[in-house]
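Trainee: Residues in the sequence shown are numbered from 9 upward in steps of one, following my numbering.
Where is the CB? At the ideal position from N, CA and C, for every residue including glycine.
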Amino acid sequence: ALNAYAGRSRTTRYFSWETNASTPGLLSGWHYPNPTMNAVLQPIAYPHAWPLKPGLGNISGRSPGGAVTYSSAWWANDGIVPNTSMNAPTGQGSAAYTGQATTPGSWYRLGRVSGYDHIDITGNLSFRDVKTFYRNQAAFLGSVK
Numbered sequence: 009a010l011n012a013y014a015g016r017s018r019t020t021r022y023f024s025w026e027t028n029a030s031t032p033g034l035l036s037g038w039h040y041p042n043p044t045m046n047a048v049l050q051p052i053a054y055p056h057a058w059p060l061k062p063g064l065g066n067i068s069g070r071s072p073g074g075a076v077t078y079s080s081a082w083w084a085n086d087g088i089v090p091n092t093s094m095n096a097p098t099g100q101g102s103a104a105y106t107g108q109a110t111t112p113g114s115w116y117r118l119g120r121v122s123g124y125d126h127i128d129i130t131g132n133l134s135f136r137d138v139k140t141f142y143r144n145q146a147a148f149l150g151s152v153k
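Right under this line is the structure:
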């Protein structure tokens with residue numbers, strides 16, 4: 009609802025990264041937290057079997073408002089956010105960025121950072137140093153036309 013209200017800027021180029029800290033199970037295909045995922049996030053990311061409500065790793069059904077139907081495409085996650093929703097707001101398209109000229113108001117996917125959970129990539133309460141990642145992003149954004 010917020011994305012629909014706010015809309016897209018006609019002058020902003022949007023870029024996104026996916027962070028993933030889950031792995032599909034061999035039999036179920038459900039996504040399980042990697043052992044390196046922050047322990048605080050694991051209960052959210054862990055798939056739960058019936059009769060419990062599904063966890064992020066096997067979310068199914070529909071969103072509370074009914075606008076989104078969850079499928080296996082939503083299972084890969086970083087402990088808080090499903091990878092599929094990191095690319096662009098739900099219902100808005102995105103394109104893989106491959107060095108092409110960009111258009112204001114469009115979303116471009118830069119790739120996936122595997123093994124990083126939601127806390128790691130923010131640099132908070134993590135042993136991972138993400139300063140180089142963000143310095144590279146600042147340099148990249150300064151060069152995009």
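Do the CB positions of P90 and A84 come within less than 8 Å of each other?
Mentor: In this structure, A84 lies closer than 8 Å to P90 by Cβ.
Trainee: According to DSSP, is S68 helix, strand or coil?
Mentor: Looking at S68 - three-state DSSP - the assignment turns out to be coil, as it is neither helix nor strand.
Trainee: Please report how far the alpha carbon of Y105 lies from the alpha carbon of S114, in whole angstroms.
Mentor: One C-alpha to the other measures close to 11 Å.
Trainee: Enumerate, from N- to C-terminal direction, the unbroken alpha helix (DSSP H) stretches of 4 or more residues contained entirely within the stretch 63 to 130.
Mentor: Entirely contained in the stretch 63 to 130, the alpha helix (DSSP H) runs reaching 4 residues are, in chain order, 126 to 130.
Trainee: Taking only three categories from DSSP, how would you classify Y142?
Mentor: Three-state DSSP puts Y142 in a helix.
Trainee: G101: which of R16, I52, G37 sits nearest, CA to CA?
Mentor: Minimum Cα distance to G101 is reached at R16.
Trainee: So, is T140 buried or exposed, given that buried needs 16 or more other C-beta atoms within 10 angstroms?
Mentor: Exposed.
Trainee: Out of S30, S79, I52, point me to the one whose CA is closest to P43's CA.
Mentor: Answer by Cα proximity: S30.
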